[in-house]
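Student: For the sequence shown, the UniProt record's numbering gives the first residue as 1, with consecutive numbering after it.
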Amino acid sequence: MGDQYKWGVVLIACMAIFIIVLDSSAMNVAISTLVVELNTTLSIIQSIIALYALIIASFMLLGSKIQDILGRKKTFLLGLAIYASGTITATLSVNAGMLLLGWAVLEGIGAALILPATTTIVGSSYQGKDKITAFGIWGGIAAVGAAVGPIVGGIFTTYLSWRLVFGSELIFVVLILLFRHYLTESKPTLKWKDLDIVGAALSIVSLILIVLGILFLTKPQYWGYVAVLVGSGSVLFVLFLLWERRRMKHGLEPLSDVNLLKNRLFGLGNFNSVIQQIPLAGFLFIIPVFLQQVTKLNAFDTGLALLPASITILIFSILGARLSSALESKYIIMIGFLIAAVGTYILGGVFNVNTQIIDLVPGTVIFGVGIGFLLSQLTNLTMSAAGEENETDASGLLNCFKNLGYSMGTALIGVLLLLGIFGGLTAGIESTTVAGNMTKEQIQENLINHVEKMQTDTPQIPPELAPYSAEIINSSISSAMKQTFTILSLILLLGLVTSIFLPSPKKSS
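(1) If you run the structure through DSSP and keep just helix, strand and coil, what is Lys507?
(2) Could you have a look at Thr89 and say whether DSSP puts it in helix, strand or coil?
(3) The alpha helix (DSSP H) that contains Arg180, what's its start and end?
(4) Count the other C-beta atoms from every protein chain shown that fall within 10 angstroms of the C-beta of Thr312, then say buried if there are 16 or more, exposed otherwise.
(5) Taking the alpha-carbon positions, what's the Gly128 to Val35 distance?
(6) For Leu306 versus Ile275, is the C-beta spacing smaller than 8 Å?
(7) What's the gap between the Cα of Asp194 and the Cα of Thr379?
(8) Using CA coordinates, which residue listed in Leu177, Gln483 and Ile214 is at the minimum distance from Ile12?
(9) Starting from Glu463, trace the alpha helix (DSSP H) both ways and give me its first and last residue.
(10) For the candidate residues Asn474, Glu445, Glu452 and Leu202, whose alpha-carbon lies nearest to that of Pro462?
(11) Buried or exposed for Ser509, please, with buried defined as at least 16 other CB atoms from any protein chain shown within 10 angstroms of its CB.
(12) Which word fits Tyr182, buried or exposed, when buried means at least 16 other C-beta atoms lie within 10 angstroms of its C-beta?
(13) Hey, how far is the Cα of Asn28 from the Cα of Ile49?
(14) In three-state DSSP terms, what is Gly79?
(15) Just to confirm my understanding: we take Leu101, look at its own chain, exclude 5 residues before and 5 after, and list those with CB closer than 7 Å. What are they?
(16) Would you give the residue range spanned by the alpha helix (DSSP H) that Val36 belongs to?
(17) Any idea if Asp393 is buried or exposed, counting beta-carbon neighbours within 10 angstroms, 16 or more meaning buried?
(18) What beta strand (DSSP E) runs, 3 residues minimum, are completely inside the stretch 77–162?
(19) Can you give the beta carbon distance from Ile473 to Leu425, rounded, assuming they're within the 8 Å contact cut?
(20) Are the CB atoms of Ala134 and Val10 within a distance shorter than 8 Å?
(21) Tell me whether residue 514 sits in a helix, a strand or coil according to DSSP, three-state version.
(22) What are the uninterrupted segments assigned as beta strand (DSSP E) that are 3 or more residues long and contained completely in the stretch 278–338, given in chain order?
(23) I need the DSSP call for Asn474, collapsed to helix, strand or coil.
(24) Val173 and Leu80 look like a contact to me (Cβ under 8 Å); what is the Cβ gap, rounded to whole Å?
(25) Is the beta carbon of Gly409 less than 8 Å from the beta carbon of Phe373?
(26) Beta-carbon within less than 6 Å of Leu502's beta-carbon, same chain only, minus the 5 sequence neighbours each way: which residues are those?
(27) Is it true that the CB of Leu255 sits closer than 8 Å to the CB of Gln65?
(28) Between which two residues does the alpha helix (DSSP H) carrying Glu452 extend?
(29) Work out the CA separation of Ile421 and Gln460 for me, nearest whole Å.
(30) Taking 8 Å as the threshold, find out whether the stretch 438–453 comes into contact with the stretch 487–498 through three or more Cβ pairs.
(31) Under the rule that 16 or more other beta-carbon atoms within 10 Å means buried, what is Trp243, buried or exposed?
(32) So Ile413 and Thr355 are supposed to be a Cβ contact under 8 Å. How far apart are they, rounded?
(33) Quick check: the stretch 221–240 against the stretch 205–213, are there 3 or more CB pairs under 8 Å?
(34) Go through its chain and collect everything with a Cβ distance to Asn263's Cβ below 6 Å, but skip five positions before and after it.
(35) Taking 8 Å as the threshold (C-beta atoms), are Ile487 and Gly405 in contact?
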C-alpha cells in the first residue's frame with residue numbers, strides 16, 4: 001500500500017479537477033450539434049457555457065467556507081454528489097433548460113464545493129518536496145483536461161454523442177467514490193451559525209447580475225436592462241466588500257478575508273488573472289463558432305483545429321515554471337501578455353470564407369505560448385502574497401476571480417462577435433438591391449436568426465436573396481472575427497500594462 005497510498009489523495013484530486021475542467025473546454029466544439037439537437041440558439045448555448053463558469057465563481061467563496069463547517073472530506077463528497085446529479089441531468093437533457101440546470105447550475109455548484117476542498121486536501125496531505133510535486137501533478141492534470149477537452153468533445157460529438165462527454169464523467173465519479181478512503185477528514189472549526197449568509201448572498205447575486213448584464217447585450221431589445229444589471233451588480237459587489245470588512249471589524253467570521261485584496265501583489269495578481277482568462281475563454285468560444293458556421297467543419301475537426309493551441313499552452317505552462325528560476329515571474333507575465341497579444345493580432349487577419357485549419361496554426365500557437373507563460377506564473381505569484389494562515393481565503397478569492405474572468409470572456413467576446421455580425425449583415429443587406437416583398441429590417445432579423453441557428457436551418461428570406469445570403473453572412477462573420485480579435489489584442493495589452501505594476505514578491509512581503 002506504501003507508495004500507492006502516498007499518492008492516493010492526489011489521484012482523487014486529479015480525477016476531480018479533470019472532469020470539472022474537461023466540461024468547460026469539451027462542449028465548445030459541440031455548439032452546432034447542441035443548437036440542432038436541443039432546438040435552441042447560439043446565444044443560449046453561449047449563456048450556458050458562460051453561466052457554468054459564473055456559478056463556479058459565484059459559489060466559490062461559500063464552497064471554501066463550508067469546509068470549515070462540515071470538514072474537507074464531507075464538503076468534497078457533498079460537492080461530488082451534487083456534481084453527479086448535474087452530470088446525469090445534462091446527459092439526459094431534452095432541451096436547453098434542462099442542460100442549463102444540469103451543466104451550469106448543478107455541476108457549477110458541485111464544482112464550487114469540490115475545487116476548494118481538493119486544494120486544501122492536497123495541501124494538508126503532503127509536506128516539503130512532496131507537496132510541490134503533488135500540486136505540480138494536480139495543476140498539470142488540470143492543464144491536460146483543458147487541452148484534451150476539445151478533441152474529446154469532438155470525438156464524442158461527431159462519432160458517438162455529445163451526451164457521452166457528460167456521461168463518461170460518471171465513471172470518474174464512481175472511481176473517486178471507490179478510492180474515497182484515501183481522503184482525510186478535517187475537524188470543523190466553525191458552526192452553521194457562524195456562516196456569513198448575507199455576504200454569501202451579496203457575492204453570489206452581484207456576480208450573476210454583472211455577467212447576465214453582459215449576456216443581455218446579444219439582443220438589442222434587452223439593451224435597456226444592461227446598465228441596470230451591470231450597475232446594480234457592481235453596487236452589490238462593493239456592498240459585499242464593505243460588509244465583509246464590517247464583520248471582521250466586529251470580530252465575526254467573514255465569508256472571505258477581503259483585506260487580502262489591499263495587498264498590491266494579491267490584488268493586481270487577481271486582476272491580471274481575470275484579464276488573462278477573458279481572451280482564453282473568448283478564443284475557445286468564437287473559433288468553433290466561426291469554423292462550424294463559415295467553413296462548415298464538424299466537431300471533431302473543430303477540436304483538431306484547437307489542438308495546436310491546447311498543446312502549446314500545456315508545454316509552455318511547464319516551460320514557464322522552469323523559466324522562473326532564471327527570470328523574475330513579473331517579467332515572464334509581461335512577456336506572456338505581449339506574445340499572446342501578437343498571436344491574437346495575427347489571428348485577426350486569417351478569417352475569411354476560404355480559411356483552412358492550417359491557416360490558424362501560426363496565430364494559435366503564438367497565442368498558446370503567451371497563455372502558457374501566464375498560466376505558469378500568475379497563480380504562484382498571486383498566492384505568494386498570502387501567508388499560510390490566509391491560504392484558504394486567498395485560494396478561494398483567486399479561483400473565484402479566475403472563473404469570473406472565464407465567464408466574462410465567454411459572455412463579452414461572444415457578444416462582441418454577435419454585434420459585429422449584426423453590423424455586417426446590416427451593411428450586406430444595404431448593398432444588395434434584392435429585397436422582394438420584405439423590409440430590410442425583416443431580412444436582417446431573419447438572417448440573424450439563421451446565424452443564431454448556426455446556419456443549420458433554412459433562412460426565411462425572399463428566394464431571390466437566397467444565393468447571396470450565405471455570402472453576406474460568411475463575410476459578416478469573417479469581418480466580425482477580425483474586429484473581435486483586435487479587441488482581444490487590446491485586452492492582452494492592457495494586461496501587459498497592468499503587469500508592469502506588479503511588485504516583486506521579495507519587496508511586497
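In this text, a Cβ means the ideal position worked out from N, Cα and C, and glycines have one as well. The model shown is predicted, which means the values in this text are computed figures rather than measured ones.
Tutor: Result, derived from the coordinates:
(1) In this prediction, Lys507 scores a pLDDT of 43, lower than 50, which makes its location untrustworthy; the coordinate-derived value is nonetheless stated afterwards. It is helical.
(2) helix
(3) Per DSSP, Arg180 belongs to no alpha helix (DSSP H) and is neither H nor E.
(4) buried
(5) 49 Å
(6) no
(7) 29 Å
(8) Leu177
(9) This sequence places Pro at residue 463; Glu is not what is there. No alpha helix (DSSP H) holds Pro463; DSSP gives it neither H nor E.
(10) Glu445
(11) In this prediction, Ser509 has a pLDDT of 38, which is less than 50 and means its spatial position is unreliable; what the coordinates show is noted afterwards. Exposed.
(12) buried
(13) 8 Å
(14) helix
(15) Thr89
(16) Ile31 to Glu37
(17) buried
(18) none
(19) 7 Å
(20) yes
(21) Given a span of 1 to 509 for the chain in the structure shown, any question on residue 514 remains unanswerable.
(22) none
(23) helix
(24) 6 Å
(25) no
(26) Leu268 and Lys330
(27) Correcting the residue identity first, residue 65 is Lys in this sequence and not Gln. Contact: yes.
(28) Lys440 to Glu452
(29) 18 Å
(30) no
(31) buried
(32) No, Ile413 and Thr355 are not in contact; Cβ-Cβ is about 18 Å, not under 8 Å.
(33) yes
(34) Ala385
(35) no
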